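Participant: Each protein sequence line maps, in turn, to chains A and B. Position in the first sequence counted from 1, then plus 4, gives you the working numbering. Position in the second sequence counted from 1, then plus 333, gives you the working numbering.
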Amino acid sequence: MRWSSKFMAATAALTLTLGTAGFGSAAEVVKIGNIEPLSGPSAAVGIQGQKAREMAVEEINAAGGIKALGGAKLQLLYSDSKGDPTVGVTEAERMINSEKVHLLTGCWNSAVTYPTTQVAERYGIPFIVPVSVRDTITERGFKNIFRIAAKDSWWTRDQFQFLKDMQKEFGTDVKKVAFVYENGDWGTGFAEGWRKLAKAAGFEVVLDEPYPSTASDLTPVVIKLKRAKPDVVFMTSNAADAILLTNTMAEMKVNVKAIISSGGGHADPSFIAAAGKNAEYLFDIVEWETDLNRPGLKATNDKFKAKNGQNLNGESVDAYAAMYLIKDVLERSKSLDPAKIREALAATKLCGGDVGLLAYDCIEFDQTGQNKNASLVVVQLRKNGNSMDRITVWPKNVRRAGYTPVFPQPAK
Amino acid sequence: MLGFIESLLNGILMGSIYGLTAVGLTLIFGVMKVINFAHGSILMVGMYAAYWCVKLTGMNPYLTLLIVVPFLFCFGYALQRYVIKPIFDAEKDVREPITVIIVTTGIWYVLDNLAMIFFGAEYRVVQTSVTGKMIEFHEMYFSVAKLIGGGITLLCGVYLFWFLKHSRTGKAIRATSLDREAATLMGVNQSQIYNIAFGLGSACCGVAACVLIPFYYVYPTVGVPFDIKAFVIVVLGGLGSIPGAILGGIIIGIIETVGAQFMAATWTELLVYGFFLLVLFVKPSGLFGLRQDY
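Listed below in structure tokens is the structure:
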């Protein structure tokens with residue numbers, strides 16, 4: 005009798021606690037559906053995004069969840085797009101209809117994001133795109149799509165803005181520019197942007213040279229470049245051609261004030277290994293670097309590295325910021341009604357603090373849903389002992405503390 | 334004008350290296366009537382061999398010729414003896430052994446992927462005493478490594494030509510390439526000649542590999558662009574002709590480099606293949622080809 009009454013009391017107490025806890029959270033869980041490439045060729049980047057989301061959500065939940073919703077916790081649901089647009093669309097339908105998610109994020113591959121956001125728009129579910137670069141994703145007049153990262157055309161825009169700022173800072177005159185790019189989709193797309201920007205900026209284009217990425221010898225291109233005598237060279241290259249061009253340019257003593265490249269081959273570790281000191285002083289444009297001079301960046305990166313064994317990168321930083329953006333939005337919408345969330349998203353001005361590690365100050369969306377402050381950063385390659393450092397130089401507010409960029413680069 | 338001279342010489346130098354690779358291909362074809370699709374991969378093997386020699390011992394890149402060329406001769410010899418010959422024997426009575434061509438394609442894939450497994454996909458460059466050295470002449474720059482490389486390949490081409498013309502083995506090789514049965518009846522050991530021809534063809538790749546190393550990078554599929562060029566050059570110069578291969582190589586090199594001064598580099602490929610088609614149209618047997626049926 006004594007035993008059973010004790011047992012009964014314990015059971016009752018347990019049921020009560022569980023019951024209340026269960027009751028409390030049932031109504032107040034925010035379901036976030038994430039469609040990411042977790043297998044297939046872009047799996048590496050999808051998994052980085054997943055880890056960053058998890059870290060951010062853990063932090064947010066540990067700090068008491070969404071206070072405006074009575075401490076509601078964030079819950080992450082994943083689906084694997086495999087990098088395939090058809091799978092992405094089906095998964096978006098499932099997330100919305102079966103899982104009843106409140107928000108969606110994803111999908112990294114522009115080809116997946118493009119049709120998937122269309123599904124979300126049809127159901128009126130807010131969709132946050134941390135990274136997907138294709139311009140048109142936010143150019144279809146959709147109401148529920150919000151992108152954090154910079155879009156494709158901004159890369160060339162920022163390359164020119166960088167050049168302009170450097171000219172001003174160092175008082176160097178630049179008149180003639182040359183474009184050297186691989187003749188694929190990527191290179192010719194960049195060249196199209198450069199041509200317009202050069203015209204607007206009043207530069208004289210002395211060479212506009214596409215080349216086949218598979219060429220066995222690029223000396224002819226370099227000879228041409230040398231004769232054209234440009235002040236600044238813009239380049240878009242894959243790894244092999246970046247090595248050939250950089251080494252041959254150094255050997256033939258092609259003297260220019262600056263070389264501005266577009267990531268890709270120039271950001272490949274084997275490029276730095278093979279081009280060595282010939283690559284020094286090159287300017288390369290990227291989304292984000294670990295050495296950015298931003299408050300809280302180091303602590304967050306260290307935490308992430310201790311947890312996952314790798315540094316944060318452009319993709320994971322935007323995924324991390326997306327979770328804090330969701331928190332900020334829900335605190336303001338005070339409701340899980342999609343229309344209210346959408347309204348709060350459109351009115352976002354999230355600055356510093358939790359998203360202080362971004363390369364720019366505030367997340368703010370324009371009418372198309374594009375984060376209008378999203379920027380890219382420019383790094384300069386500098387020799388450091390036997391290796392090459394990628395030092396952030398632009399925008400000036402994120403420049404590595406104590407570093408002065410070398411512009412124009414010394415004559416060879 | 335300066336740009337023209339600069340690119341003309343550069344084209345000749347680069348072209349002679351293409352030419353030597355093509356010589357190896359044309360030699361093997363001339364004797365065995367087999368198109369060796371693994372030729373570029375053999376070049377790749379040679380480049381990795383030369384790369385590791387220089388990287389590990391720090392020796393002069395041109396001294397590696399003494400190691401890499403014999404190594405590739407043996408490599409080619411063994412490849413023919415133990416991999417290709419059994420297939421070849423099975424198809425003895427066929428005039429154009431198709432299966433052997435497929436086998437060489439298999440060797441190409443196996444070698445390229447083995448290199449990928451062992452050495453990884455990264456681009457490797459080695460610093461040698463001539464890397465990055467340039468000769469300046471009236472505002473024109475010429476790469477020392479390419480000058481030496483062009484010289485060595487031309488010498489090799491001349492030596493190989495002399496060897497085939499005057500040495501006993503060379504005569505046996507030519508006899509076999511002219512008429513297999515007749516040569517066998519005259520006491521030429523046919524399969525031995527095949528082995529030697531394959532070895533020599535591979536050794537040509539060895540020379541090209543050693544002279545490329547000081548100014549080029551190595552990666553597992555480095556042979557592919559050279560391979561495609563070699564096929565065009567061999568047909569352009571005339572199948573089986575050694576002077577044709579060297580000259581064809583130089584012509585392609587000049588078109589590529591000089592052409593690029595007047596148009597976008599992408600267009601020079603069109604020029605190369607346009608010229609190629611024109612030659613085939615006017616002289617289907619190629620520049621130096623004999624009017625005989627191989």
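We treat Cβ as the ideally placed atom computed from N, Cα and C, and that holds for glycine. If you're wondering where the values come from, they're calculated on a predicted model, not measured in any experiment.
Mind checking if G619/B is an interface residue toward chain A, Cβ cutoff 8 Å exclusive?
Facilitator: If you number the second sequence from 1, residue 619/B lands on position 286. Closer than 8 Å: no.
Participant: Count the other C-beta atoms from every protein chain shown that fall within 10 angstroms of the C-beta of Y606/B, then say buried if there are 16 or more, exposed otherwise.
Facilitator: As a position in the second sequence, residue 606/B is number 273, starting the count at 1. Classification of Y606/B: exposed, given that the 10 Å Cβ count is below 16.
Participant: So if I threshold CB-CB distances at 7 Å, which residues from the segment 335-363 of chain B count as touching chain A?
Facilitator: G336, E339, S340, N343 and M347
Participant: From the DSSP output, which residues share a beta bridge with A262/A?
Facilitator: By one-based count along the first sequence, residue 262/A stands at place 258. Paired residue(s): V236/A.
Participant: What residue range is occupied by the uninterrupted beta strand (DSSP E) comprising P214/A?
Facilitator: Within the first sequence, residue 214/A is the residue found at index 210, counting from 1. It spans E208 to Y215 - the beta strand (DSSP E) in which P214/A sits, taken as one unbroken run.
Participant: What in chain A is Cβ-close to V458/B, meaning under 9 Å?
Facilitator: Sequence index remark: in the second sequence, residue 458/B carries index 125 (1-based). Near V458/B (Cβ distances below 9 Å), the residues of chain A are I247, N251, A277, A278, A279 and G280.
Participant: Please report the Cβ distance between A76/A and G69/A, rounded to the nearest whole angstrom; I am assuming they are in contact, meaning their Cβ atoms lie under 8 Å.
Facilitator: As a position in the first sequence, residue 76/A is number 72, starting the count at 1. As a position in the first sequence, residue 69/A is number 65, starting the count at 1. So it is a contact: roughly 5 Å between Cβ atoms.
Participant: Residue ranges of each alpha helix (DSSP H) run of no fewer than 4 residues wholly in the segment 557-619 of chain B, ordered along the chain?
Facilitator: 575-595 and 598-615
Participant: Going along the chain, which unbroken runs of the beta strand (DSSP E) with 3 or more residues stay wholly within the segment 506-543 of chain B?
Facilitator: Listed in chain order, there is nothing to give.
Participant: What did DSSP end up calling G453/B once you bin it into helix, strand or coil?
Facilitator: On the second sequence, residue 453/B is found 120 positions in, with the first residue counted as 1. Judged by DSSP in its simplified three-state form, G453/B adopts coil rather than helix or strand.
Participant: Against K562/B, what residues of chain A qualify as contacts under a CB-to-CB distance less than 8 Å, listed in chain order?
Facilitator: Here the question's residue 562/B lines up with position 229 in the second sequence. Taking a Cβ-Cβ threshold of 8 Å, the residues of chain A close to K562/B are S220, in chain order.
Participant: Please decide whether A243/A counts as near chain B, where near means a Cβ-Cβ distance under 8 Å.
Facilitator: Counting from one through the first sequence, the residue named residue 243/A turns up at place 239. A243/A counts as touching chain B.
Participant: Can you list, in chain order, the stretches of the alpha helix (DSSP H) that have 4 or more residues and sit fully within the segment 80-109 of chain A?
Facilitator: 89-101
Participant: Taking just the CA atoms, how far does V209/A sit from L108/A?
Facilitator: Against the first sequence, residue 108/A aligns to sequence position 104. Against the first sequence, residue 209/A aligns to sequence position 205. Straight-line Cα distance between these residues: approximately 44 Å.
Participant: Under a Cβ-count criterion, where at least 16 other Cβ atoms within 10 Å of its own Cβ denotes burial, should H499/B be classed as buried or exposed?
Facilitator: Counting from one through the second sequence, the residue named residue 499/B turns up at place 166. With fewer than 16 other Cβ atoms within 10 Å, it is exposed.
Participant: Would you identify the three-state DSSP class for F150/A, choosing helix, strand or coil?
Facilitator: Start at 1 with the first residue of the first sequence, and residue 150/A comes out as number 146. Correct three-state label for F150/A: strand.
Participant: Are the segment 284-299 of chain A and the segment 376-392 of chain A touching by the rule of at least three beta carbon pairs closer than 8 Å?
Facilitator: Yes, they touch.
Participant: Answer with buried or exposed for H471/B, where buried requires no fewer than 16 other C-beta atoms within 10 angstroms of its C-beta.
Facilitator: Mapped onto the second sequence, residue 471/B falls at position 138. It is exposed - the Cβ of H471/B has fewer than 16 other Cβ atoms within 10 Å.
Participant: If you scan the segment 121-183 of chain A from start to end, which runs of the beta strand (DSSP E) of 3 or more residues do you find wholly inside it?
Facilitator: 131-133 and 149-151
Participant: Enumerate in chain order the residues of its own chain whose CB-to-CB distance from P547/B is below 7 Å, with the five nearest sequence positions on each side excluded.
Facilitator: For the purposes of this step, residue 547/B is taken as residue 214 along the second sequence, with counting starting at 1. Same-chain partners within the cutoff: P394, T461, V463, T464 and A478.
Participant: With DSSP collapsed to three states, give me the class of V381/A.
Facilitator: Residue 381/A sits at position 377 when you count from the first residue of the first sequence. In this structure, V381/A counts as strand in the three-state DSSP scheme.
Participant: Write down the C-beta distance between R138/A and S102/A rounded to the nearest angstrom, noting that I regard them as a contact closer than 8 Å.
Facilitator: Along the first sequence, one-based indexing puts residue 138/A at 134. Along the first sequence, one-based indexing puts residue 102/A at 98. No, R138/A and S102/A are not in contact; Cβ-Cβ is about 28 Å, not under 8 Å.
Participant: In chain order, what residues of the segment 199-223 of chain A put their CB closer than 9 Å to some CB of chain B?
Facilitator: D212, E213, P214, Y215, P216, T218, A219, S220, D221, L222 and T223
Participant: Grab me the residues of A593/B's own chain with a C-beta within less than 6 Å of its C-beta, minus the 5 sequence neighbours each way, in chain order.
Facilitator: Numbered from 1 along the second sequence, position 260 holds the residue referred to as residue 593/B. The residues are T601.
Participant: Taking Cβ positions, are L572/B and F362/B nearer each other than 8 Å?
Facilitator: On the second sequence, position 239 is the one that residue 572/B refers to. On the second sequence, position 29 is the one that residue 362/B refers to. In this structure, F362/B lies closer than 8 Å to L572/B by Cβ.
Participant: Spatial neighbours of K230/A within its chain, please: CB distance less than 6 Å, with the 5 preceding and 5 following residues excluded, ordered by chain position.
Facilitator: Looking up residue 230/A in the first sequence gives position 226. Only M256 and V258 meet the Cβ criterion.
Participant: Below 8 Å, how does it come out for the segment 339-359 of chain B and the segment 318-336 of chain A: are there three or more Cβ pairs, yes or no?
Facilitator: no
Participant: Which residue or residues does DSSP assign as beta-bridge partners of L78/A?
Facilitator: The residue you call residue 78/A lines up with position 74 of the first sequence. According to DSSP, which records beta bridges pairwise, L78/A is partnered with V34/A.
Participant: Comparing alpha-carbon positions, which option in L346/B, A448/B and F452/B lies nearest A541/B?
Facilitator: Taking the first residue of the second sequence as position 1, residue 541/B is located at position 208. Residue nearest to A541/B within the set L346/B, A448/B and F452/B is L346/B (criterion: CA-CA distance).
Participant: Between which two residues does the beta strand (DSSP E) harbouring E469/B extend?
Facilitator: Position 136 of the second sequence, counted from the first residue, corresponds to residue 469/B. Its beta strand (DSSP E) spans residues M467 to F470.
Participant: For a test of the three-state rule: what should DSSP assign to R386/A, helix, strand or coil?
Facilitator: Residue mapping note: residue 386/A aligns to position 382 of the first sequence, counting from 1. Strand at R386/A.
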